[in-house]
Every structure is written in C-alpha cells, then in structure tokens.
Amino acid sequence: MRRELDGPIRVVAAEDSYVVREFLTSALESAPEVELVAVCSNRNELEAAIESERPDVLISDIRMPPSGGAEGIAVAARLRETDPDVGVVILSQYAEPDYAVALLEAGSGGRAYLLKERIRNRDELIGAIAAVARGGSVIDPKIVEVLIEGRARRARSPLAELTPRELELLGEIAAGKSNGAIAQSLVLTKRAVEKHVNSIFSKLGLPEDQDVSRRVKATLIYLSETDPSAASPASVPG
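Sequential numbering of the sequence shown, starting at 207, is according to my numbering.
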C-alpha cells in the first residue's frame with residue numbers, strides 16, 4: 207500500500223557528478239511540488255539518507271561510487287524488499303535497456319528510468335517523480351525505442367529459427383570444435399550431432415560450397431548475431 211502524500215513529495219537525490227548534481231538540485235529546489243530533503247554523491251550516503259529521511263521518492267544516478275557499477279539499480283532492488291512504498295527514478299547517461307529491464311523485473315510500479323537529458327525539462331522530471339510517488343511507472347521513450355528495436359532484430363535474426371539445442375550446438379561450432387568434440391561435450395552420439403549440424407545449416411540457408419566452409423559461414427552468422435564486435439576474421443575458427 208503506497209503511503210498517502212499530504213504535502214510536497216519528499217525526495218532524496220543521488221548523483222556522483224558535481225555538475226549534474228548541482229543542476230538536479232536546482233531543478234528540484236525550484237519545484238513547489240517537491241521537498242528535497244537530502245543530496246548524496248555515493249551509495250553509502252544515499253542509504254544513510256534513506257534511513258534517516260524516509261523519503262517518498264529516490265532519484266538516483268544508475269552508476270555511483272563506491273563500486274562505480276549499477277549502484278542505483280541495486281538500491282532500488284533493496285528498497286523493493288525493505289520499503290516498497292518508496293518510489294525510484296533512475297537516471298542514466300545512455301539508453302541501456304538491460305538496466306531498464308533489471309530495474310523493472312520485480313515490478314514496474316513506483317519505478318521510472320530516464321535519460322539524464324530529461325532533467326533539462328523540469329516538468330518531465332517532476333512528472334516522473336509524481337508518477338512513481340503514486341505507484342506509477344515512467345520509461346524514457348528512447349529506452350522503449352531501443353527495446354522495440356532489439357525485439358524486432360531478434361525476430362529477424364536467422365538464429366530465431368534454431369531450437370535451443372541447435373543454438374547450443376552452434377555455439378560449440380563457433381568455438382571451433384569438431385563434431386566428435388561436440389558429441390563428447392554435449393553427451394550426444396556423433397550421428398545426433400551430424401543431424402543437428404545439417405539442420406542448422408539448412409535453417410541458416412547454407413548450401414554446400416567448396417570455396418567457403420559452411421561451418422565458417424555458420425560461425426560468422428552466430429558471431430554477428432550474438433556479438434557483432436567479434437565477427438572478424440581473427441575470431442573465426444578455420
């Protein structure tokens with residue numbers, strides 16, 4: 207049950223960049239709908255402020271000291287367990303859909319994920335704070351766009367036709383293993399491996415070619431779809 211708000215929304219802000227922190231502080235202090243009760247520069251300060259101030263909403267950078275990792279996401283996850291009434295607005299420099307998914311995987315209520323560029327628009331920022339204070343959720347449109355593009359890309363991927371077992375086996379091919387080594391690794395008969403390999407080649411549209419090995423072609427497809435940066439000649443098994 208989300209706590210009743212009978213006055214300004216009490217907010218704790220956390221941001222390790224001095225410039226962004228000052229800009230954020232100025233925006234929040236000028237908003238009559240908000241009472242900024244604490245400003246922090248790292249996770250330790252943030253957790254202490256949450257404990258002492260009991261805010262309605264936390265607005266936090268995604269990455270902060272001491273680890274420099276996704277401390278904001280970690281604090282949000284802990285709050286979901288210890289104080290689910292506290293709304294959380296996460297700020298990120300870049301559109302990182304994996305972090306958005308991590309923030310929302312335990313539920314979207316009371317959570318917002320915004321790019322830092324949004325704090326230039328005070329109305330958008332305050333709107334997100336008000337939404338999570340009421341138990342709503344806000345996701346930056348650019349994050350949604352990236353998520354949709356990712357789903358569309360996976361749907362178009364030639365790997366989408368493969369079964370989980372075939373994907374596993376293709377990963378073994380990409381690692382440069384022979385059919386015999388794959389059979390031993392996956393505890394399959396060599397005949398079963400050959401059957402899977404032929405099915406993979408067929409689904410990937412790879413006909414027999416004397417000039418370029420189908421295993422190399424399949425590896426190139428696998429690398430380009432799972433890690434585009436790895437699809438270089440040096441990464442491909444001969």
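Glycine included, every Cβ here is placed at the ideal spot set by N, Cα and C.
Inter-residue spacing [alpha-carbon to alpha-carbon] between residue i and residue j
i, j, result
"residue 229", "residue 330", "15 Å"
"residue 431", "residue 365", "8 Å"
"residue 342", "residue 314", "8 Å"
"residue 272", "residue 253", "12 Å"
"residue 347", "residue 225", "24 Å"
"residue 265", "residue 219", "5 Å"
"residue 394", "residue 275", "41 Å"
"residue 213", "residue 307", "32 Å"
CA nearest to the CA of residue i, picked from the options
i, options, result
"residue 302", "419, 294 and 351", "351"
"residue 261", "251, 250 and 242", "242"
"residue 299", "285, 267 and 398", "267"
"residue 217", "223, 251 and 256", "256"
"residue 380", "420, 282 and 414", "420"
Sheet register partners of residue i (DSSP bridge)
i, result
"residue 294", "264 and 317"
"residue 345", "319"
"residue 217", "242 and 263"
Beta carbon of residue i nearer than 8 Å to that of residue j
i, j, result
"residue 309", "residue 279", "yes"
"residue 247", "residue 227", "yes"
"residue 305", "residue 377", "no"
"residue 368", "residue 409", "yes"
"residue 259", "residue 244", "yes"
CB contact below 8 Å: residue i versus chain B
i, result
"residue 296", "The structure shown contains no chain B, having only a single protein chain."
Same chain only: Cβ atoms within 8 Å of residue i, ignoring 5 sequence neighbours per side
i, result
"residue 235", "242"
"residue 385", "396, 399, 400 and 403"
Own chain residues within Cβ distance below 6 Å of residue i, not counting five before or after
i, result
"residue 344", "318, 334 and 337"
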